[in-house]
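J.: I have a structure here, written as structure tokens, and I will follow up with some questions on it.
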Amino acid sequence: MANVAPLRPLPVLELGAPAPPRADYEVIAQMVRQNAKVLDVGCGDGALLNLLARERGAKGRGMELSQAGVNACVSRGLSVVQGDADRDLKDYPSAAFDYVILSKTIQAVRHPRSVLKELARIGERVIVSFPNFGHWRVRTQLLTRGRMPVTGNLPARWWETDNLHLCTVRDFAELATELHLTIERAVPLTRGQPGAPFAKNIWNANWFAEEAVFLLAQN
């Protein structure tokens, strides 16, 4: 398995400054090469696509399920289609993009394995971020309270969450291997900063990373 690689620290927010991008967005942006063709699946309000266009010169397109998200993307001047990752990825041609991104969305789709396989078909590389259900706080809450955890990265209670298939860092790494995908880089995030203190490899990241970002390529 690939080692977990730390990236440069994210900038500290100054008083009165606008809110920074989501932590995984910053890590994703560092993984994308300049002027790349990007598809963001589950792009929400288009904040990541906007960041990639500004910082990396990316030629981005989005797919978003919600009408509110589509409207927000259009208001930003972004190219977006309304679609369902579980159904509509088959409509994209193979190798159409340099990167296909799924940021904190894989746990909310109905068929994660099929979706990841489609992403790898569509893009030269795949970037996936997700909350780590193996983090020690999650384990502790399950052990001591016997209830589904509520944390900063998993803020919704079990009956109101959109998450259908929560996974751990180790779970995701094994799925990538099963689909014959190479883990080119895996970055742990804890308290919004890349490179969790004790996460030197997949096994430690499984305990100490609150979330993770994986860069994958076909074998």
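Quick note on the numbering used here: the sequence shown kicks off at 1 and runs consecutively. Here a beta-carbon is modelled for each residue, glycine too, at the ideal position from N, C-alpha and C.
(1) Can you tell which of Leu-215, Glu-64, Pro-21 and Trp-207 has its C-alpha closest to the C-alpha of Gly-42?
(2) Can you tell me whether Pro-224 is buried or exposed? The criterion is at least 16 other CB atoms within 10 Å of its CB, across all chains shown.
(3) Does the beta-carbon of Asp-91 have 16 or more other beta-carbons within 10 angstroms, so that it is buried, or is it exposed?
(4) Tell me, please, whether the segment 105-119 touches the segment 139-147 by the rule of three or more beta-carbon pairs shorter than 8 Å.
(5) Do Glu-210 and His-135 have their beta-carbon atoms positioned less than 9 Å apart in this structure?
(6) Residues in the same chain with beta-carbon distance under 7 Å from Phe-133, minus the five sequence neighbours each way, listed in chain order, please.
(7) Using the Cβ count rule (16 or more neighbours within 10 Å means buried), how would you classify Asn-45?
(8) Across the segment 30-39 and the segment 55-63, are there enough close Cβ pairs to call them in contact, namely three or more that are closer than 8 Å?
(9) For Tyr-99, which beta-bridge partners are listed by DSSP?
(10) I need the straight-line Cα distance from Ala-199 to Pro-131, nearest angstrom please.
(11) Quick one: measure Cβ to Cβ for Asn-219 and Thr-182, integer angstroms, because I've assumed they're closer than 8 Å.
(12) Tell me whether Gly-69 is buried or exposed, calling it buried when 16 or more other Cβ atoms sit within 10 Å of its Cβ.
(13) Please classify Met-63: does DSSP put it in a helix, a strand, or coil?
(14) Taking all protein chains shown into account, do 16 or more other C-beta atoms lie within 10 angstroms of the C-beta of Val-12, making it buried, or fewer, making it exposed?
(15) Assign Ala-186 to one of three DSSP states: helix, strand, or coil.
(16) Would Pro-20 be called buried (16 or more neighbouring beta carbons within 10 Å of its own) or exposed?
(17) Identify every residue that forms a DSSP beta bridge with Gln-218.
(18) What residue range does the beta strand (DSSP E) around Gln-82 cover?
(19) Just to confirm, are Leu-51 and Ala-29 a CB contact at a threshold of 9 Å?
T.: So, to answer that:
(1) Ranked by how close their Cα comes to the Cα of Gly-42, the residues Leu-215, Glu-64, Pro-21 and Trp-207 have Glu-64 in first place.
(2) Coverage of the chain is limited to positions 1 through 219, which leaves residue 224 absent and any answer about it impossible.
(3) Result: exposed.
(4) The segment 105-119 vs the segment 139-147: no contact.
(5) A contact, by the Cβ cut-off of 9 Å.
(6) Result list for Phe-133: Leu-166, Cys-167 and Thr-168, in chain order.
(7) Before going on, a small fix: residue 45 reads as Asp here, not Asn. Under this definition Asp-45 is a buried residue.
(8) By the Cβ test, the segment 30-39 is in contact with the segment 55-63, since at least three Cβ pairs between them sit closer than 8 Å.
(9) DSSP, once it has assigned bridges, lists Val-38 and Arg-125 as partnering Tyr-99.
(10) Unreliable placement is indicated for Ala-199, whose pLDDT of 44 sits below 50; the coordinate value is still reported in the next sentence. Near 15 Å, if we compare the C-alpha coordinates of Pro-131 and Ala-199.
(11) Rounded, the Cβ-Cβ distance is 5 Å, consistent with contact.
(12) Its Cβ being crowded by 16 or more others within 10 Å, Gly-69 is buried.
(13) Looking at Met-63 - three-state DSSP - the assignment turns out to be strand.
(14) With a pLDDT of 47 at Val-12, under the threshold of 50, the modelled position of that residue is not reliable, and no figure is offered here.
(15) Note: Ala-186 maps to strand in three-state DSSP.
(16) Label assigned to Pro-20: exposed.
(17) Answer is Leu-181, bridged to Gln-218.
(18) Looking at the DSSP string, the run of the beta strand (DSSP E) that includes Gln-82 is 79-82.
(19) It is a contact, given that the beta carbons lie within the stated cut-off.
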